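*Asks:* Encoded as structure tokens, here's the structure I'll be asking about.
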Amino acid sequence: MSIFSYNGAAVVAMAGKECVAIGSDLRFGVQTQTITCDTPKVFRIHDKLYLGLSGLLTDAQTLHEKLMFRHNLYKLREERDMKPSTFGHMLSNALYERRFGPYFAAPVVAGLEPDGTPFLCGMDTIGAMEKAKDFMITGTSPESLYGMCESMWRPDMEPDELFETVAQCLMSGFDRDALAGWGAVIHVITKDKVISRTLKTRMD
Amino acid sequence: MAESQYSFSLTTFSPSGKLVQIEYALNAVAAGATSLGISAADGVVIATEKKLPSTLVDESTVQKIMTITPSIGVVYSGMGPDFRVLVRRARKTAQTYYQTYKEHIPVAQLVRETAAVMQEFTQTGGVRPFGVSLMMAGYDDNGPQLYQIDPSGSYFAWKASAIGKNMTNAKAFLEKRYSDEVGIEDAVHTALLTLKEGFEGQLSGANIEVGVVGPNRSFKVLTEAEVNDYLQEVE
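In order, the protein sequences belong to chains A and B. Counting from 1, one number per residue, gives the positions in the first sequence under full-length UniProt numbering. Counting from 1, one number per residue, gives the positions in the second sequence under full-length UniProt numbering.
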């Protein structure tokens, strides 16, 4: 049993035309037992920056708390929100600091830069960062998620199209995964608002 | 007077509420060569007298204006060795910031961190305050900025200011000549004229140093030839 599949998760983020969408499943389970179906794996840092974390849930939660801590101090000192690219680098640095005793979490960062360009990046558990122009995924069934995203993504999607695409990729991706699913939440981030939708899915 | 009874120890307040060692550090600054800075609408200029102890000193090896990041430079009045230590610390702070965020440190943040270091040395046992005041100039997302940092660790943003030997006259001169719409070229001329006021002898590219940062966000120390060109325009 891998420590990365102890809890189970599925996270998908995609870039559209001056918008990004990020979504995750809602299952919280311990190996085969499902405990709740209201645990999103996507966290808001600020209105234009969301963070998705898969892997061991306790590490994902702690990492999120530590990043909020750092972002809050940054906001107080610099009197501005952190840019998504800056956040990505800071997260990479924070993960590498624990190189020999890592956080068992794999993050996906999705947001809009101050000039409106979408920003997506993903990392492994020790902070190796990879930026993407199309989509980023992480979770316990990466092959299913990659397969769906690769076939369904196309450039310059409007927010509503983007939502549909992320929703279909996420749901079809985690339907074949025993450890992820049980509902989904998707946030679509545009210049002036964030629309969050919760999806009813197969509850198995 | 009662003050001098408390002047030996940095970490003991005098009855009037002063830390006498910091006052004395400010005296060290006031005895140093004059430095000044002017913040223009599209950039910042800092300048200093390069007063050398003897004509035999190779002045091309003396550097009073140092770059901390590509967009931030600093000049001082006071004790040169103390300045170099602070520059090392500031450069490390700036690099640490860059390593974490892959973004160059904003001027105000660097000023805060450097001032914090200077304050540490006013509240620790076994150390003395830094005998320098710094003039930090930089250009970031908030535009051109000029800050002064004192030995106590207090810092102020200025539109124009001077520190060191001739600071009162220099500041009076700057007050008369400063205007918000001044551009960087005019600011350099004003800086040179201000230095000329208190200078014994003839100003030349070899006995002053000038640093400039403009909208290109690249802090540059002017070469001797460039300074001489500006001086000719000012004559």
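Glycine included, every Cβ here is placed at the ideal spot set by N, Cα and C. All figures in this text were calculated on a predicted structure; none of them were measured in a lab.
Could you check whether the Cβ of T93(B) sits closer than 8 Å to any Cβ belonging to chain A?
*Replies:* So, not an interface residue.
*Asks:* Please name the residue or residues paired with residue 249(A) in a DSSP beta bridge.
*Replies:* Missing from the structure shown is residue 249(A); chain A here goes from 1 to 204 and no further.
*Asks:* What does the alpha-carbon distance come out to for the pair Q63(B) and K102(B)?
*Replies:* About 29 Å.
*Asks:* Quick one: give me the first and last residue of the alpha helix (DSSP H) that H104(B) is part of.
*Replies:* Neither: H104(B) is in no alpha helix (DSSP H) and is coded neither H nor E.
*Asks:* Quick one: any contact between the segment 212–221 of chain B and the segment 68–78 of chain B, if contact means 3 or more CB pairs under 8 Å?
*Replies:* They touch, by the three-pair rule.
*Asks:* Would H64(A) pass as an interface residue toward chain B - the criterion being a Cβ-Cβ separation below 8 Å?
*Replies:* So, not an interface residue.
*Asks:* Using a Cβ-Cβ distance under 8 Å, would T86(A) count as near chain B?
*Replies:* Chain B, which has a Cβ nearer than 8 Å to the Cβ of T86(A), makes this yes.
*Asks:* Assuming V87(B) and I149(B) make a contact with CB atoms under 8 Å, what is their CB distance in whole Å?
*Replies:* Contact doesn't hold; Cβ gap of about 12 Å is too wide.
*Asks:* Given that E78(A) touches chain B, what residues does it touch there, using C-beta distances under 7 Å?
*Replies:* Here the neighbours are P106, Q109.
*Asks:* Can we count A162(B) as close to the ligand ZN, meaning its CB is less than 7 Å from some heavy atom?
*Replies:* Annotation note on the ligand ZN: not contained in the displayed structure, which lists no ligands.
*Asks:* Let me check one thing: in DSSP terms, what residues is S220(B) bridge-paired to?
*Replies:* The question names Ser, but residue 220(B) is Lys in the sequence shown. Per DSSP, V212(B).
*Asks:* Work out the CA separation of N142(B) and G147(A) for me, nearest whole Å.
*Replies:* Using only the alpha carbons, I get a separation of about 45 Å.
*Asks:* Using a Cβ-Cβ cut-off of less than 8 Å, give me the residues of the segment 171–194 of chain A that come near chain B, in sequence order.
*Replies:* If the cut-off is 8 Å between Cβ atoms, the segment 171–194 of chain A has nothing near chain B.
*Asks:* Is it buried or exposed, S16(B), if we count other Cβ atoms within 10 angstroms and call 16 or more buried?
*Replies:* The residue is exposed, with fewer than 16 neighbouring Cβ atoms inside 10 Å.
*Asks:* What is the rounded straight-line gap between the Cα of P107(A) and the Cα of V194(A)?
*Replies:* Cα-Cα distance, rounded: 20 Å.
*Asks:* Which whole-angstrom value describes the C-beta separation of N207(B) and K50(B), a residue pair presumed to lie in contact below a C-beta threshold of 8 Å?
*Replies:* Confirmed, about 5 Å.
*Asks:* Could you work out which residues of chain A lie near Q99(B), taking near to mean beta carbons separated by less than 8 Å?
*Replies:* Here the neighbours are N93.
*Asks:* For A94(B), which residues in the same chain have their Cβ closer than 8 Å to its Cβ, ignoring the five residues on either side in sequence?
*Replies:* Answer for A94(B): I68, T69, I72, H104, I105, L110, listed in chain order.
*Asks:* When DSSP labels each residue in this structure, what does I3(A) get in the three-state scheme?
*Replies:* Looking at I3(A) - three-state DSSP - the assignment turns out to be helix.
*Asks:* Answer with yes or no whether the minimum CB distance from H89(A) to chain B is below 8 Å.
*Replies:* Answer yes: the Cβ-Cβ gap between H89(A) and chain B drops below 8 Å somewhere.
*Asks:* Using only the alpha-carbon positions, how far apart do L49(A) and M123(A) sit?
*Replies:* L49(A) and M123(A): Cα-Cα distance of roughly 16 Å.
*Asks:* What first and last residue would you give for the beta strand (DSSP E) that runs through M66(B)?
*Replies:* From DSSP, the beta strand (DSSP E) with M66(B) extends over 66–69.
*Asks:* Of the residues that make up the segment 58–70 of chain B, which ones have a beta carbon closer than 9 Å to any beta carbon in chain A?
*Replies:* Per Cβ criterion, the list is empty.
*Asks:* Going by beta-carbon coordinates alone, are A10(A) and L53(A) separated by less than 8 Å?
*Replies:* No.
*Asks:* Would you mind stating whether H187(A) and G55(A) have Cβ atoms separated by less than 8 Å?
*Replies:* Not closer than 8 Å, so no.
*Asks:* Using 8 Å as the threshold, is the C-beta distance between T34(B) and K165(B) below it?
*Replies:* Contact flag set, yes.
*Asks:* Is the segment 31–40 of chain A touching the segment 77–90 of chain A in the sense that three or more CB pairs, one from each, lie closer than 8 Å?
*Replies:* As far as the Cβ criterion goes, the segment 77–90 of chain A does not touch the segment 31–40 of chain A, which means the pair count is below three.
*Asks:* The beta strand (DSSP E) spanning Y139(B) covers which residue range?
*Replies:* Y139(B) -> beta strand (DSSP E) spans 132–140.
*Asks:* Could you check which residue in G183(B), G153(B), S179(B), L195(B) has the C-alpha nearest to that of T122(B)?
*Replies:* Selected option, being the one with the closest Cα: G153(B).
*Asks:* Which of the three DSSP states is assigned to D25(A) in this structure?
*Replies:* Three-state DSSP puts D25(A) in a strand.
*Asks:* Excluding the 5 residues flanking Q168(A) on each side, which residues of the same chain have their C-beta closer than 8 Å to its C-beta?
*Replies:* Excluding residues within five positions, the ones whose Cβ falls inside 8 Å are M148, M152.
*Asks:* What does the Cβ neighbour count give for L57(A), buried or exposed, with the cut at 16 atoms within 10 Å?
*Replies:* Buried.
*Asks:* 8 Å is my cut-off, CB to CB: does K51(B) come that close to chain A?
*Replies:* Output row for K51(B): interface = no.
*Asks:* Distance check for A90(B) and L10(B), CA to CA, integer angstroms please.
*Replies:* Approximately 24 Å between the Cα atoms of the pair.
*Asks:* Quick one: give me the first and last residue of the beta strand (DSSP E) that G173(A) is part of.
*Replies:* Premise fails: G173(A) lies in the alpha helix (DSSP H), 159–175, not in any beta strand (DSSP E).
*Asks:* Apply the 10 Å Cβ neighbour rule to I3(A) and answer buried if 16 or more other Cβ atoms are within range, or exposed otherwise.
*Replies:* Flag for I3(A) reads exposed.
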